Amino acid sequence: MYEMIGVWCVVLLTLSIFSYLYGDNPFYKAAEHAFVGVSAGYIFTITFWDTIRPNLFGRLFPEAIGAGFEFDGTYIFPLILGVFMLFRLSKKYDWLSRISIAYIVGIMAGLKFYVFLNSNLLTQIKSSTVNLSGTYFTIINEVIILIGVISGLVYFFFSKEHTGVIGKISRIGVYFLMIKFGASFGFAVMGRISLLIGRFEELIEFSKPEYYYSTPAVLLFMIVAIGYWAFRENNSPIQD
Amino acid sequence: MILIFYYLFLGSFFLEGNETTFICILLLCFVVEYFIDIAKSGVEIYMRPIAAIKAMEEAVGRATEMGTPVLYVPGISSLDQIDTISGLTILGHVAGMTAEYEANLHVPVCVPIVMETAKETCKEAYLKKGRPDLYRNDMVHYVTDDQFAYAAGVNGIMLREKPAAVFFQGKFYAESLILAETGNSIGAIQIAGTGSSSQIPFFVTACDYTLIGEEFYAASAYLSGSPEMLGSIKGQDYVKVCCMVAIIVVFVSSLLNGLNIIDFDITSLFRTNAIK
Amino acid sequence: MDRINDIFIKLGQLDRRYIFLLIALSVLIPLMKPNWVNIPIKTTNNTEIVFNEINNLKEGDKVLVSFEYGASTKPEIHPMSVAVLQHLFSKGVKVYTVPLWPEGLMMAKYAIKEVVESKLFNIIEHSDYVSLPYKAGGEIVIRGIATDIRSIFTQDVNNVLFDEIPMMKGIKSVADFDFVFDLSAGVPGNAEWVQFACDEYKVPLSSGCTSIMVTDAIPYVESGQIRGILAGMPGAAEYEQMVYKYLNDLDANKFINKEAAIIPGKATSRMSAQSIAHVLMVIFIVFGNISYYLLRRRNN
Amino acid sequence: MKRQIAYFLVIFIGFLALAGHFINYPPLNNFIDNDATQWFDIISGFAAFLGVINLLQLHLNKISNKRKNYQYSFITLLGFMAMIVFGFIYNGSEAAMGPHLKDEGSAFYWMFQNIYLPLGATMFALLAFFVASASYRAFKIRNFEATLLLVSGIFLMLGRVPIGQLIPWWMAVEIYICLFFAVIANRFSDRKIMLYCLTSSMLVLPALILYFDISNLPIFKIPDLQEWIMDVPATAGSRAIMIGIALGTIAQSYRIITGRERSILGD
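Protein chains in written order, with the working numbering: chain A, 1 to 240; chain B, 1001 to 1276; chain C, 2001 to 2300; chain D, 3001 to 3267.
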C-alpha cells in the first residue's frame, strides 16, 4: 500500500518538475515548494543527528551519547561559538555572532591558503615536466601544453594593458581556454543525458499494469489540467 | 633572517618536508607587501578594465529603471570555500550600488551561516551609503540547503519576480546551467563570477558577462579601488610571473635532464608532506 | 531560394520548447523500442582487456566487487555491475561485494537481486556470494581491507558472523582475493583502490566508471595498474554485448541454468538513446549555424 | 571596539591555521587537521537553526499577508513539518531514534525515497534539456573563439559515442573543410568564389589523401582527435585556469588574514 502511494508520488513529482520545460505552471510551483520544504526539513534533521549530536554532544557527554568519541573539553569552544551564532536573534547582543563568523572566515582563509598553494599551484608547476622517453608526438604535445599554460596565464594579467605582444599572447591563451570550455561542454552533454535516461526508465517502469498505469494516468491528468489553465488564462480579461 | 631561523629549528620547532611551501609563502608575502607599499606611497596603478565589473553598475541601473529587483545569488557553498567569501565581498559592493540607486535587492541564500553573513554585509553596506532606512531584514533570506531544491527555489523567484539584473557570484556546481538558462529565458542582464572551473563554460555561454576564475577573486579589490587592494593585485601579477618562470624552469630542466646534460631532478624540490 | 532561406531562418528561431520535445523523444523512443534503432557497437581495446581478464578466472577463484555509485549514476554503472556479476557467476567464481558509498549498499543489493531473480545461475548466498555491509571512511576502509579485513567487518549485511559463513574462511586481507573489480562514480573510487590496496599487494584490479572519471583513470590503465576499463555508458554497452554473446554461446555447465532466458542488458538501448541524442544536438547546432549565417547576411 | 574584536580574531585565527602546517607542535597540527573543520561544521549546525526560523518567518509572513502565490507556502510548511515530525517525533520503524533516518521501514526514509530523491534527480535531469538549448544558442560561428568552443564541443560529443566510430575518414575531412570555410567565410567578398573554392577543395583534398594513402592517420578519426583535444589543448587550458584560481584564492586568503579584505564583516 505505502509502496504504491510512493510510486504514484514519484511519478507525480517527476512529471511536475518536467512540466517546467513547458513553462511555469501550478504543478511546477507545487513541486518546487514541496521540494524546498522537504529538503530544508531533511537537512535540518540530518544536521542534528549526524553532526551536532555525535560530534559535539558525543564529545562533551561521551557516556550519554555513545558516539564512540572520548571526552574532549576543547569542544566547549564550538558550543560557545554556536550559541553566539544564535544571538543573531537578539537585537542587543547580535554583535556576538560576528565572533563566530570571524572564526570561520579566519580559519578557512588560513587553511585554503596552504591547501591551494600546495595541491594546486605547486603540483601544477611540477607537472609541467617533459618526458623525453616518449615519441616525438608526445614531446610536441608537451610543448603545446606549455605554450597553452603560459599564454593562458598571461590572459589573467590585471595590471598590464592587453595590447602589443601581451595582447597577442593573451589572445592565444583565450583560444586554449575556449577549447577547454568546449570540451567541458561536450562532456556535460554526455553525463546529463545519462541522467535523463535514468529518469525516463523509471517513468517507463511505472507505466506498467502492476502500478496501475501510473505514468500515463498522471501525464494525461497533467496535460488536461495545464491545457485547461492555459485556456482559462487566455480568456480571462485580467492577467497578472 | 626568518629563513635562517627556519632552517635552524627545522625538525624541532618546524615540521620537516614543507620547506618549499614555506619559502613560497615568504616570497609571496614579500612581493605582495612590496607592491602594497608602493601603491600606498601614491603611485598610480594601472588596472586593465574588466567588462563584467564595469557592467555591474549598469545592470543595477537598468533594474532600477525597470522597477524590478536585483537578484544576487552567492552560490551554494558554505563559508568553507573562498569563492563564497569572495562572492559576499562582491555582494557588499553591489549592495552599496543598490543603496545608491534605491533599487530593490533580493538575495536568496543556500546555507544559513552564509545568510547571516550576507545580512551583516548588506546592512553595513546600506549604512555606509547613508541609507539604513532602505535596508530590510528580508532582503536576504534562506531557501534551503539542498543543491537542486535551492536551484528550484531560485528558479521560481526568477520566473515570478522577473528581475532585470541577476548576479551569480560564488561557488557553483551542476545547478549553474539551470539558473543561468532560466535567467537567460527571462531576458535579465546576467553577470556571473565563479572559481568552479567546470561551470565557467555554462556561465560564459548563458550570461552576458562572466568573471573567469582569477578575475572573480580580484573583483572585490577592483571594486573597492583602494590603493592597498590594487597594490595587492599588482603583487599577485608578479607572483604569476614567478609561477610562469618556475614552469619554464621545470620544463627546461626536465628537458636537460632527459638529454642527460644535467643530472638533477627538479621535481624533488617540490616534495610536500602535507598534513593533508 | 529565398523560401528555403526563410525556412532555415525560421528553424533557427525555433521556440526552445520544441528542442526540449525533440530531445525527450530522442531519448524516450530508443528506450521504449530498443529494436527500432540498432547502432552497431564496436568493442574497444580496454573493454576487451576487462573481458579477457575476467574470462581467465577459474572455478573457485575469489573476486571482490566494490560498489561506489548511487542513484544518479545508476544508468551508467548499474549495467556494468549486472554484466560483471553474470560473467563471474558463469565461471563459478565466488563473489564478495563491498559498498564504499552509502548508496552503494542498495546498488549492490539490486544488482545481486537482478542476477538471482533471472534464475540463470545456480547460486546460493554464503556459498557463492556474500555481501558486506557499508562502513563509512572511504579510503580508510580500503586500507583496512588491504591489511586486515576483520578489523573492519565482522559480519555480513544480514548480520551473520563471518565464522558462520563458509566462503569467508581463509579471507584475511585483500591478498586472499584473486581479483578486485571496482565500480565507481567518484571518490573513493578506482584511484583509491590502486593507491591503498591493489598496487601494494599485487592483486589484479579492473574497473568500470563514469565517462567523466575516465580521463583521470586512464594514466593508471596505461601503466597497467588498472587492467582495462569500462568507460561510461559506451563501455557498459560493449561489455554487456560481449557477455550476452558469451552466455549464448556457452554450453551448459553446472553453474548455469540453460533453461532460463538470457535477457540482454539495458546499457545497449541506453547507448542508442545517448547516441541519438548526441547526433540530434549536433544537427541542432548545424541548423542553428546555417540560420545564423543566413540571418547575418540578410541583415548586412 | 566590538568590531575590532572580530577583525583581530580573523587575523589571529588565520595565521594560527597557516602556522599549524609548519610548526611542529602536535596538538596544533591535530587541531588544524581535524578539529578546526569539525568546529566549523558544528557552528554551521547551530546556524541551521537560524535558517529554519528564517524559512518559517518568510512563509508565515507570506501567508498572513496573502502575498501572491501564498497558497504554495502551505505546501512548503507542510513538507518541512512532516520531515521534522518524522525526524524527531514519529519513527515508524524498529530502529532507534537517530539511526532510524537510514532504516528502510521508517517514515523519514519513505519521504526521502519517494519525495526528496525523485525531486532532486529530476531537477538534475532537467540539465539534459538545458544543455541542449544552451549549446544550440551558444555554438554559433561568431568569431574564431566561438568556433573553437564549437569545434571542441562537437568533437567531444561525437567522439565519445559509437556513432563517432562509424564516421569514415572522408566524412571527417569534409567536416574539417566545412568548418574551415565557415571561419573564413567573411573574408570572401564574392559568394560565388567562396562556393567554388569550397566545392573544389571538398573534391580535391580527399583525392589527395587517397593518393598519398594517409587516410588512416589518427587525425581523420573523430574518436582519436577527440582524445587529443582532451589530452592536449584542453589540459593546457584547464591547467591555466587552475593555476589562476589557485593564485586568486591564495591572494584573497592573504588579503583576508592580513585584515585588508573586510567587507565580509561589513566594512
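Where a beta carbon is used, it is the ideal one built from N, C-alpha and C, also for glycine. For clarity, every value in this text was computed on a predicted model and none was experimentally measured.
R2016 (chain C) reaches chain D at S3133, counting residues in chain order whose Cβ is nearer than 7 Å. By the Cβ neighbour-count rule, P1108 (chain B) is buried, with 16 or more other Cβ atoms within 10 Å of its own.
If you compare the alpha carbons of C:G2060, C:V2279, C:N2046 with that of K2169 (chain C), the shortest gap goes to C:G2060. Collapsing the DSSP output to three states places D2182 (chain C) in a strand. Counting only the Cα atoms, A3107 (chain D) lies some 54 Å from I1233 (chain B). Put simply, the region 3243 to 3251 of chain D touches the region 1229 to 1243 of chain B. At least three CB pairs are less than 8 Å apart. Ranked by Cα distance from V2116 (chain C), the options C:L2025, C:V2286, C:I2263 are led by C:I2263. Think of a sphere of 9 Å around the beta carbon of A3121 (chain D): the chain C residues whose beta carbon falls inside it are A2071, S2072, in chain order. For P1132 (chain B), the closest Cβ of chain A is not nearer than 7 Å. Interface with chain A (7 Å Cβ-Cβ cutoff): S1198 (chain B) is included.
The residue from D:H3100, D:A3246, D:Q3113, D:L3016 with its alpha-carbon nearest to that of A2071 (chain C) is D:Q3113. DSSP places A1039 (chain B) in the helix class (H, G or I) of the three-state scheme.
Beyond the five residues adjoining it in sequence on each side, T1182 (chain B) comes within less than 6 Å, by CB distance, of N1155, M1158 in the same chain, given in chain order.
By the criterion of at least three beta-carbon pairs nearer than 8 Å, the region 3162 to 3177 of chain D is not in contact with the region 3009 to 3016 of chain D. When C-beta distances to chain D are compared with 8 Å, the residues of the region 1102 to 1116 of chain B below that value are V1111, P1112, I1113, M1115, E1116, in chain order. Cβ neighbours of I1247 (chain B) within its own chain (closer than 6 Å, five residues either side excluded): none. Residue A:A188 holds the alpha-carbon nearest to the alpha-carbon of L3156 (chain D) among A:A188, A:V174, A:F176, A:L132. Listed in chain order, the non-local C-beta contacts of R3255 (chain D) below 7 Å within the same chain comprise E3261, local neighbours out to five positions each way being set aside. For the pair of segments examined, the region 3208 to 3224 of chain D was found not to touch the region 3132 to 3151 of chain D: the number of CB pairs separated by less than 8 Å stays below three. S1078 (chain B) places its beta carbon 7 Å or farther from that of V1031 (chain B). Interface residue (Cβ-Cβ distance to chain D less than 7 Å): G2288 (chain C) is classified as such. The DSSP assignment places complete alpha helix (DSSP H) segments of no fewer than 4 residues inside the region 2112 to 2185 of chain C at 2139 to 2147, in order along the chain. Against chain D, the CB of F35 (chain A) has a partner CB under 7 Å away; the residue lies at that interface. Nearest Cα to I125 (chain A) within the set B:T1020, B:I1004, B:L1177: B:T1020. Of the residues assessed, N3054 (chain D) falls on the buried side of the cut-off, its CB having 16 or more other CB atoms within 10 angstroms.
By the rule that beta-carbons nearer than 7 Å mark a contact, D50 (chain A) does not touch chain B. It is roughly 25 Å from the alpha-carbon of I1053 (chain B) to the alpha-carbon of P1132 (chain B). The beta carbon of K2266 (chain C) is closer than 6 Å to those of P2079 in its chain, skipping five residues each way along the sequence. About 4 Å separates the CB atoms of R98 (chain A) and A3006 (chain D); that is less than 8 Å, so the two are in contact. Going by C-alpha positions, S3093 (chain D) is about 8 Å away from E3104 (chain D). Between the beta-carbon of M178 (chain A) and that of L3179 (chain D) there is about 14 Å, and that puts the pair past the 8 Å contact cut.
In this structure, W95 (chain A) and K3002 (chain D) form a Cβ contact; the two beta carbons are roughly 4 Å apart against a cut-off of 8 Å. With a 10 Å radius around the Cβ and a threshold of 16 neighbouring Cβ atoms, R2143 (chain C) comes out buried. With respect to the 7 Å criterion, P2075 (chain C) and I2276 (chain C) are not classified as neighbours on the basis of their beta carbons. In the DSSP assignment, Q1236 (chain B) falls outside any beta strand (DSSP E) and lies within the alpha helix (DSSP H) extending over 1227 to 1258.
Excluding sequence positions up to five before and after I1004 (chain B), its CB lies less than 6 Å from no other CB in the same chain.
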